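Read through the structure below, which is laid out as structure tokens, and then see the notes.
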Amino acid sequence: MPTTPRDAPALPVPDLPAREDDLVRRTAPPDPGGAHDGELFPADLDLSGADARDTRLLGCRVRSVRADGLRLAGARVVDCEVSGLGATEAPWRAGTWRDVVVTDCRVGALDLSAASWQRVLVRGGRLDYANLRGAELVDVTFEDVDLRDVDLAGARLDRVRFAGCRIGRLDVTGARLRSVDLRTSELTDGLDGVGDLRGAVVTSAQLLQLAPLFAAHLGVRVDG
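Every letter in the sequence shown is one number past the one before it in full-length UniProt numbering, and letter 222, counting from 1, is 222.
Dropping the structure here:
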């Protein structure tokens, strides 16, 4: 069993009331550029197609909503919990998320390019395509997530852990990694940018799996 490194990511502890009754029930999608403090977005609220660019969500809970095409680019999300959200596409680029817990969400195409995440936990659920190109992730944990295609090209990751995840194709081309823990996750469909894995932690079995990619990167021919 792999040990937990001393520089494992810090987990988020959202500042939220214990009772949902203490939150204000929201009956309409968030406003573009608006501020929403201490609100509950319930399961019967459809956020599909809503324009919530540059909105601010502080101390909010989002529960089992449908959010196809919800535009959340540039949003600031702090001290929030998001659970059971479903979307075929989520254009959420260049947002800032801090102290956020995301559980059991299913998203087809998730665009978080150029986003900034700090102390974020993503637990369970499925992401078919996660675009994190140029993003900055600090103290982020992906736990038991089905990640079909993860694009981290040009991103910066510091204390990021993939725990018990199934990762299809992973692209770390041009990424800067520090304390990125892949040891308990499965890499199934290939890796792009093997030369930029410096700063990642893998098991000996994973190293053997990646050996042909390292050899090709170094120009080593294996014969026999």
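All C-beta atoms, glycine included, are put in the ideal place defined by N, C-alpha and C. Keep in mind the model is a prediction, meaning the values are calculated, not measured.
Could you name the residues that DSSP lists as bridge partners for residue i?
| i | result |
| --- | --- |
| Asp104 | Answer is none; Asp104 lacks a bridge partner. |
| Val180 | Val160 and Ala200 |
| Arg126 | Arg106 and Asp146 |
| Glu89 | Ala109 |
| Asp22 | Answer is none; Asp22 lacks a bridge partner. |
| Ala114 | In the DSSP output, where bridge partners are listed per residue, Ala114 has none listed. |
| Leu187 | Ile167 |
Going by Cα to Cα distance, which pick from the options is closest to residue i?
| i | options | result |
| --- | --- | --- |
| Gly74 | Gly84, Gly34 and Ser204 | Gly34 |
| Val78 | Leu47, Asp99 and Asp104 | Asp99 |
| Gly199 | Ala109, Ala18, Val102 and Leu157 | Leu157 |
| Ala135 | Asp151, Ser83 and Leu191 | Asp151 |
| Leu45 | Asp31, Ser64 and Asp51 | Ser64 |
| Ser48 | Thr88, Leu57 and Glu39 | Thr88 |
| Gly38 | Asp21, Ser113 and Leu121 | Asp21 |
| Val172 | Arg178, Gly154, Asp181 and Glu186 | Gly154 |
| Ala94 | Leu85, Ala114 and Gly84 | Ala114 |
| Glu143 | Ala43, Tyr129, Val101 and Arg25 | Val101 |
| Cys60 | Glu81, Arg76 and Arg176 | Glu81 |
| Trp92 | Arg19, Leu110 and Arg183 | Leu110 |
| Leu147 | Pro9, Asp139 and Asp104 | Asp104 |
| Gly174 | Thr55, Thr96 and Leu132 | Leu132 |
| Leu137 | Gly124, Val180, Gly86 and Ala163 | Val180 |
| Val140 | Asp192, Phe162, Leu127 and Asp149 | Phe162 |
Decide if residue i is buried, meaning its Cβ has at least 16 other Cβ atoms within 10 Å, or exposed.
| i | result |
| --- | --- |
| Gly195 | exposed |
| Arg159 | buried |
| Arg71 | buried |
| Pro12 | buried |
| Arg221 | exposed |
| Pro17 | exposed |
Helix, strand or coil for residue i per DSSP?
| i | result |
| --- | --- |
| Thr204 | The sequence given here has Ser at residue 204, not Thr. Ser204: helix per DSSP, three-state reduction. |
| Gly168 | strand |
| Leu210 | helix |
| Val220 | coil |
| Val194 | helix |
| Ala35 | strand |
| Val120 | strand |
| Asp99 | strand |
| Val40 | Note on residue identity: the sequence assigns Leu, not Val, to residue 40. If DSSP states are grouped into helix, strand and coil, Leu40 belongs with the strands. |
Can you find a CB in chain D that lies within less than 9 Å of the CB of residue i?
| i | result |
| --- | --- |
| Val24 | The question asks about chain D, but that chain is absent: this structure has only one protein chain. |
* To do: Kindly provide the ranges of any beta strand (DSSP E) runs that are 3 or more residues long and lie completely inside the region 129-157, ordered along the chain.
  => Listed in chain order, they are 136-143 and 146-151.
* Any beta strand (DSSP E) of 3 or more consecutive residues that is wholly inside the region 51-96 -> Fully enclosed beta strand (DSSP E) runs of 3 or longer: 56-58, 61-63, 76-83 and 86-91.
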